Every structure is written in structure tokens, then in C-alpha cells.
Ligand SMILES: NC(=O)c1ccc[n+]([C@@H]2O[C@H](COP(=O)([O-])OP(=O)(O)OC[C@H]3O[C@@H](n4cnc5c(N)ncnc54)[C@H](OP(=O)(O)O)[C@@H]3O)[C@@H](O)[C@H]2O)c1
């Protein structure tokens, strides 16, 4: 396990020969903000950093705090900017990705951290305006869309011999299985007891929390196997002191949630400390799939050959075995080739509605 000092030292040794382009979806607060700030500090501001979120005021403050390099030749090669996007709206995510694709030539780091307060609730489950499950929209669907739509820019960075890393920060390493039915939690929400919403534990909400984690395993497995030249990571941040870190419960369970949050407050680390581990993980990978824990340590990893052809569709017993990715055992990974294929198939059908 790298100590904080070891992570900081390895980050400090990073001196890219190019101006890195980093997109942080969720960079306006919490873990994403910490990562953006660590990147800005490490590059002394000579980077193109794009914070995506809704809070323009918070983004302006963060960007104002970034070091600003002086361009002696008057030719500025760095930019720090905010791009507004409601990650609960797939139409909005799609629009933002198209806009970014139209003006960027490459992206070195795509980091996705936005989860939102609803994503942490174990008592409330509902639907977004687009009819997606509240827990899954930002934690999974938006991240899938960002990954797919911005993939050409990551591949372009790789073709130029630069870092190309897709990282989703959620809850890696828990062997969370991907089920084969009710993928959108429609049935779970339908059978939830509506009049107790927000008061007692909602099965649909708990399922939503767990499914987000499992589906992110599926997301990274799919993109890593299909794009073996880049690095793809699902990482867990552990307990980090952020505005979104407390467990939300209704009034009946409020004392329990308070106790849980109180206990967690003793083991929580700051977002700056977490950012050092996240940045270490971001830089400590050339290509391949990585499942990492909160210190950036590898729980499991696999590097496919650069010309690898992904296999998710065969119906062999191996394809149905959880924890195996295209025949490769992955510790902490809950998908099987069959469940990942079904998940992606389902995801594509759902997202096709939001053109
Ligand atoms: N913190 C922890 O202890 C902890 C523990 C386990 C797992 N995690 C996971 O680690 C990740 C990062 O954690 P965190 O605590 O930093 O998360 P967070 O507080 O939920 O994330 C905050 C970011 O999410 C953005 N966001 C929220 N709603 C949005 C929306 N509708 N559209 C666009 N952006 C939105 C916020 O931007 P705006 O406000 O600008 O919209 C902000 O940039 C999350 O996936 C979380 O589930 C965290």
C-alpha cells in the first residue's frame, strides 16, 4: 500500500512533456475537485483542465485557485474551464460530449466522480425526468455515455504516445454481481412501498446503490477489453470528507444514519489526501484494466495485447462465470462476460432514446 508520502512522491515525479488535457466530470466539489486541484498543482497550471458540473460559482472559485503559468512567448497553451452539464440528463451529457468532441483534439484523462446526494440515499428511490433510476442515472448511465462519446479523444491521445486513461471513481473491489433481470430497477421501484419512501429503507434504493457499483465494473470491463491500448480504471475512494459523503436516511432512521456518519467521520480522510491516491492511480497505468482500492493499490489488473478482440458473446460456461473477464480471473470484479454483454445491450437500448 503506498503511504501518502509515497503517493505524493510518485505524483511529484510526474513531468509530462506535453500539455495534458483532463476532463473531470464532478470536478466542482469533493473527490473530483481534489483530483483537479492536484493535477493543476502538479502541472503548475500548464494543463487543459475541464471541470464538468452544474455549479458555475464553485467552478470559478476552484479555477481561480489554480496556478497560472506565464507564457513568455505570448502563446497560451493551457486552459482552465468549466462546462455546465446536468449528469442526470442523458440528453445534456450527450450534448456536452458532442461539443467537446467538436473542439478538442485529444483527452488524456477522463475522470468521473459525480454521484449526487440521491445516489447515497438508502430510503428514497425514484426516477429522473428522463425516466431513469435516480441511483443509476449519474453513477452509471452518464458515466457510460461520457466513456463512449469521449473515447475517440482518449484514443487520439494514445495515438500521440501520451497518457490515455478513463477512470470512474465509485466503489471498486467488492465483487458485486451484475444481475440478469430488472437492470433498470423498474420492478424494484414498482414493488417498493411508496408511502414509506424516505422513512424506512427502500429495497429499490439499496439495490440502486449496489447496482451502481456492479455496473461500473461492467463499464470498465467492456471499455478495457474493446480498447486495449488505453488504461481503464474503476477505483474506490474510501471514506472521504466531502459534501456527498454522508449517508442519507429518512427521519425514522436518522439516528442510525447520524451514528454511521459520526463513526465514519473518524476514519475519513480529506479530499486533498484522497486526491493524491487517485492521482497516483491515474498516473501509475499505461494501458489495461485496473480495479483499485482507496489507496490506489491494484486489487486486480489485466493488460490485453494491443490488437486484442473482445469476446463477450459466446455462451460457454466460462462466459457465465462471475469474476472472469474473457477468461481472465479478476479479483474484486463482479461481472461475467454474459452479464456484462446483457448490461451493455440494455444500456445501449436505453440510451438510444436520448439522441
Ligand atoms: N466521499 C466518500 O466518502 C465516498 C465513499 C464511497 C464512494 N464515493 C464515491 O466517490 C465518488 C466521488 O465522491 P464525492 O463524495 O466527491 O461525490 P459527490 O459529492 O457526490 O460529487 C460531487 C460532484 O458531483 C457533481 N454533481 C452532483 N449532482 C450533479 C448533477 N446532477 N449533474 C452534474 N454533476 C453533478 C457536483 O457538481 P455540481 O454541484 O456542480 O453539480 C460535484 O462536482 C462518487 O461516485 C461517490 O459515490 C465517495
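Numbering (the UniProt record's numbering), first residue to last: 1 to 355.
Where is the CB? At the ideal position from N, CA and C, for every residue including glycine.
Note that this is a predicted model, so its numbers are computed, not measured.
Please go through the same chain and pick out, in chain order, the residues whose beta-carbon is closer than 7 Å to the beta-carbon of residue 182, but skip the five residues on each side of it. Looking up residue 182 in the chain shown gives position 182. Once the five neighbours on either side are set aside, the close Cβ partners of residue 182 are 188.
First and last residue of the uninterrupted alpha helix (DSSP H) at residue 209: Indexing the chain shown from 1 puts residue 209 at position 209. That run of the alpha helix (DSSP H) goes 203-226.
With a 10 Å radius around its C-beta and 16 neighbouring C-beta atoms as the bar for buried, classify residue 61 as buried or exposed. Residue numbering aside, residue 61 sits at position 61 when the chain shown is read from its first letter. Exposed, since its Cβ has fewer than 16 Cβ neighbours within 10 Å.
Got a sec? Which residues, its chain only, sit under 8 Å from residue 292 by beta carbon, not counting five neighbours each side? Along the chain shown, read from residue 1 onward, the residue named residue 292 stands at position 292. The answer, listed in chain order, is 172, 173, 233, 234, 235, 236, 281, 298, 299.
Leaving out five residues on either side along the sequence, give the residues of the same chain with a beta carbon under 8 Å from the beta carbon of residue 145. Numbered from its first residue, the chain shown carries residue 145 at position 145. Contacts found: 90, 93, 94, 97, 351.
First through last residue of the alpha helix (DSSP H) which encompasses residue 30: Counting from one through the chain shown, the residue named residue 30 turns up at place 30. 30-42 is the span of the alpha helix (DSSP H), which, as asked, contains residue 30.
Neighbourhood of residue 272 by C-beta distance below 7 Å, restricted to the same chain and skipping five residues each side: Locating residue 272 in the chain shown gives position 272, where the first residue counts as 1. Excluding positions up to five away in sequence, the list reads 34.
For residue 258, count neighbouring C-beta atoms within 10 Å of its own C-beta (all shown protein chains included) and say buried if the count is 16 or more, exposed if not. What you label residue 258 is simply residue 258 of the chain shown in a count that begins at 1. With fewer than 16 other Cβ atoms within 10 Å, it is exposed.
Residue 101 and residue 152 - do their beta-carbons sit closer together than 8 Å? Taking the chain shown and counting its residues from 1, the one referred to as residue 152 is at position 152. Taking the chain shown and counting its residues from 1, the one referred to as residue 101 is at position 101. Yes, they are a contact pair.
Just to check my reading of the structure: residue 357 and residue 45 have Cβ atoms closer than 8 Å, yes? What is that Cβ distance to the nearest angstrom? Lying outside 1 to 355, the shown extent of the chain, residue 357 is not represented and no answer is given.
Determine the closest residue to residue 52 out of 114, 41, 42, 159, with distance taken between C-alpha atoms. Within the chain shown, residue 52 is the residue found at index 52, counting from 1. It is 114 whose Cα lies nearest to the Cα of residue 52.
Residue 121: which of 160, 210, 157 sits nearest, CA to CA? Taking the chain shown and counting its residues from 1, the one referred to as residue 121 is at position 121. Comparing Cα-Cα distances from residue 121 to each of 160, 210, 157, the minimum goes to 210.
Using a Cβ distance threshold of 8 Å, determine whether the stretch 122-137 contacts the stretch 105-112, with at least three qualifying pairs required. no
Please report the distance separating the alpha-carbon of residue 204 from that of residue 125. What you label residue 204 is simply residue 204 of the chain shown in a count that begins at 1. What you label residue 125 is simply residue 125 of the chain shown in a count that begins at 1. For residue 204 and residue 125, the distance between alpha carbons rounds to 6 Å.
If we ignore side chains and look at the alpha-carbon of each, how far apart do residue 85 and residue 27 end up? As a working note, residue 85 is residue 85 in the chain shown. As a working note, residue 27 is residue 27 in the chain shown. Each residue's alpha carbon lies about 12 Å from the other.
Please confirm whether residue 47 and residue 22 have their CB atoms less than 8 Å apart. As a working note, residue 47 is residue 47 in the chain shown. As a working note, residue 22 is residue 22 in the chain shown. Yes, the Cβ-Cβ distance between residue 47 and residue 22 is below 8 Å.
What are the uninterrupted segments assigned as alpha helix (DSSP H) that are 4 or more residues long and contained completely in the stretch 283-308, given in chain order? none
Less than 8 Å between the C-beta atoms of residue 202 and residue 123, yes or no? On the chain shown, residue 202 is found 202 positions in, with the first residue counted as 1. On the chain shown, residue 123 is found 123 positions in, with the first residue counted as 1. Cβ distance < 8 Å, so residue 202 and residue 123 count as in contact.
What is the residue span of the alpha helix (DSSP H) that residue 25 lies within? Start at 1 with the first residue of the chain shown, and residue 25 comes out as number 25. From DSSP, residue 25 is part of no alpha helix (DSSP H) but of the beta strand (DSSP E) over 21-25.
Are the Cβ atoms of residue 288 and residue 221 separated by less than 8 Å? Looking up residue 288 in the chain shown gives position 288. Looking up residue 221 in the chain shown gives position 221. No, Cβ-Cβ distance for residue 288 and residue 221 is not below 8 Å.
Tell me residue 111's beta-bridge partners as DSSP assigns them. As a position in the chain shown, residue 111 is number 111, starting the count at 1. Residue 111 is bridged to 24, 167.
Is DSSP giving residue 347 helix, strand or coil here? Here residue 347 is taken as the residue at index 347 of the chain shown, counted from 1. Reduced to three states, the DSSP call for residue 347 is helix.
Closer than 7 Å: is that where the CB of residue 29 sits relative to any heavy atom of ligand 1? Here residue 29 corresponds to residue number 29 of the chain shown, with the count starting at 1. Under cutoff, so the answer is yes.
Quick check: what's the CA-CA separation for residue 30 versus residue 170? Here residue 30 is taken as the residue at index 30 of the chain shown, counted from 1. Here residue 170 is taken as the residue at index 170 of the chain shown, counted from 1. So the two alpha carbons sit approximately 12 Å from each other.
Give the secondary structure of residue 266 by DSSP, where H, G and I count as helix, E and B as strand, and everything else as coil. Residue numbering aside, residue 266 sits at position 266 when the chain shown is read from its first letter. Residue state, collapsed to three classes: helix.
Can residue 175 and residue 327 be called in contact, C-beta distance under 8 Å? In the chain shown, the residue the question calls residue 175 occupies position 175. In the chain shown, the residue the question calls residue 327 occupies position 327. Contact flag unset, no.
Would you say residue 170 touches ligand 1, meaning its beta carbon is less than 7 Å from a heavy atom? Within the chain shown, residue 170 is the residue found at index 170, counting from 1. Indeed, a heavy atom of ligand 1 lies less than 7 Å from the Cβ.
Quick check on this structure: which residue in 18, 340, 41 has the alpha carbon closest to the alpha carbon of residue 401? The structure shown does not extend to residue 401, since the chain is modelled only from 1 to 355, so the question has no answer here.
Excluding five sequence neighbours on each side, which residues of the same chain lie with their C-beta closer than 7 Å to the C-beta of residue 354? The residue you call residue 354 lines up with position 354 of the chain shown. Closer than 7 Å at Cβ, skipping near neighbours: 90, 91, 94, 130.
Can you find a heavy atom of ligand 1 that lies under 7 Å from the Cβ of residue 114? The residue given as residue 114 occupies position 114 in the chain shown. Checking the Cβ of residue 114 against ligand 1 gives yes.
For ligand 1, is there any heavy atom lying closer than 7 Å to the beta carbon of residue 329? Taking the first residue of the chain shown as 1, we reach residue 329 at position 329. No, Cβ of residue 329 sits at least 7 Å from all heavy atoms of ligand 1.
Which residues DSSP lists as bridging residue 229, in chain order: Within the chain shown, residue 229 is the residue found at index 229, counting from 1. Bridge partners of residue 229: none, in fact.
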